[in-house]
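First residue of the sequence shown: 1419, per the numbering used here; consecutive thereafter. Remarks on the structure that follows.
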Amino acid sequence: MATVVGKGGPSTRLLTPRNSMLLLIDHQPQMAFASHSIDVQLLVNNVTGLAKSARIFDVPVVLTTVAAKSFSGPLFAGVQEVYPKQDPIDRTTMNCWEDPKVVEAVKRTDRKKVIMAALWTEVCLATAALSALDDGYEVYIVTDASAGVTVEAHEMAIRRMVQAGAVPTTWLQVLLEWQRDWARQETYEAVLSVAKEHAGGYGLGINYAKSMLGEHASEAQKELG
């Protein structure tokens, strides 16, 4: 029986800074108040870490809000601070993919892999993800930067999207998938900085390695990844 030998190199399924874009949907106070599938402070931390990750790698980002002035409030301050010159696209429809301005903004990035996170998972994320899939996009849903009104609502929505072809991921996985090689020195320090600030135990490990190992900390940090 012949041995199958792989071609080597990265899979086309993997996210890179050149084949993906980030769509952040409705991370606003009023939406967060009713989100109970994740601790709200952890949610804010994760969304902010995801936004900073995209900035490191110059990944195109589209920000959206729903009824910002009349009901839901402004975009999370921490996320807006990452992109201070970018105004979110505000709309009335719960499905942002039904707003031509949002769809055109995504099209202009010329990326087929769309990474999404939203409030709520079962409404604004699910409707956008299913719509984008139908339009031929590859959709990656960041589950820990999204939240539902209950754990069940969040989990059932994730199942529905996965059954339709969406790929579930987490914000830290996205960050490290974009980096992928610690020899990429141009983003190395920035990635570690975001990890230390937002990645919980992983960030603690980086700080620990630096304080305990000194000049050898870089190798230890790589091992943590």
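Virtual Cβ for every residue (Gly too), placed ideally from N, Cα, C.
Backbone CA spacing between residue i and residue j [nearest angstrom]
i     : j     : result
S1453 : G1554 : 30 Å
L1432 : D1599 : 13 Å
F1451 : K1525 : 32 Å
M1419 : T1588 : Per-residue confidence for M1419 stands at a pLDDT of 49, beneath the threshold of 50, marking its modelled position as unreliable; the derived number appears in the next sentence. Their Cα atoms are separated by approximately 39 Å.
S1471 : V1612 : 7 Å
V1609 : Q1597 : 8 Å
A1617 : Q1448 : 25 Å
N1625 : T1561 : 26 Å
L1648 : F1475 : Any question about residue 1648 goes unanswered here, given that the chain covers just 1419 to 1643.
P1518 : A1546 : 12 Å
N1437 : A1563 : 21 Å
L1594 : E1556 : 19 Å
C1514 : V1520 : 6 Å
A1486 : A1550 : 23 Å
R1602 : S1488 : 45 Å
E1516 : R1577 : 22 Å
V1580 : K1503 : 34 Å
V1484 : T1434 : 29 Å
L1441 : G1426 : 31 Å
D1552 : A1535 : 18 Å
D1505 : A1523 : 12 Å
Residues near residue i in its chain [Cβ-Cβ closer than 6 Å; skip 5 each side]
i     : result
V1541 : M1512
V1458 : A1450
Y1558 : I1533, V1585 and T1587
L1548 : A1582
E1499 : none
L1590 : A1617
For residue j and residue i, believed in contact at Cβ under 8 Å, the rounded distance
i     : j     : result
A1575 : A1544 : 5 Å
M1439 : T1527 : 4 Å
Neighbourhood of residue i by C-beta distance below 7 Å, restricted to the same chain and skipping five residues each side
i     : result
S1429 : none
V1462 : F1494 and G1496
H1445 : V1465, L1493, F1494, V1497 and L1537
R1529 : N1437, S1438, M1439 and P1478
K1614 : G1621, I1624 and N1625
T1605 : I1474, F1475 and Q1597
Chain B within 8 Å of residue i, Cβ atoms only
i     : result
Q1448 : In the displayed structure, chain B is absent; only one protein chain is listed.
Residues near residue i by beta carbon distance below 8 Å, same chain, minus five either side
i     : result
Y1501 : A1469, R1473, V1479 and L1481
G1491 : Q1446, P1447 and Q1448
S1455 : T1539, A1565, G1566, V1567, T1568, V1569, A1571, H1572 and E1573
Near the ligand ATP: residue i beta-carbon under 7 Å from a heavy atom
i     : result
P1506 : What this structure holds is no ligand at all, so the ligand ATP is not there to describe.
Query - Inside the segment 1580-1638 only - alpha helix (DSSP H) runs reaching at least 4 residues - result: 1589-1597, 1603-1616 and 1619-1631
Query raised in the report: Unbroken alpha helix (DSSP H) runs of length 4 or more, entirely within the segment 1430-1509: which are they?
Result: 1447-1451, 1458-1474 and 1495-1500
Report task. Indicate whether the contact test is met: 3 or more Cβ pairs, each with one atom in the segment 1501-1510 and one in the segment 1556-1568, closer than 8 Å. Result -> no
Requested in this report: Jot down the residue ranges of each uninterrupted alpha helix (DSSP H) in the segment 1508-1538, minimum 4 residues, whole runs only, in chain order.
Outcome: 1518-1526
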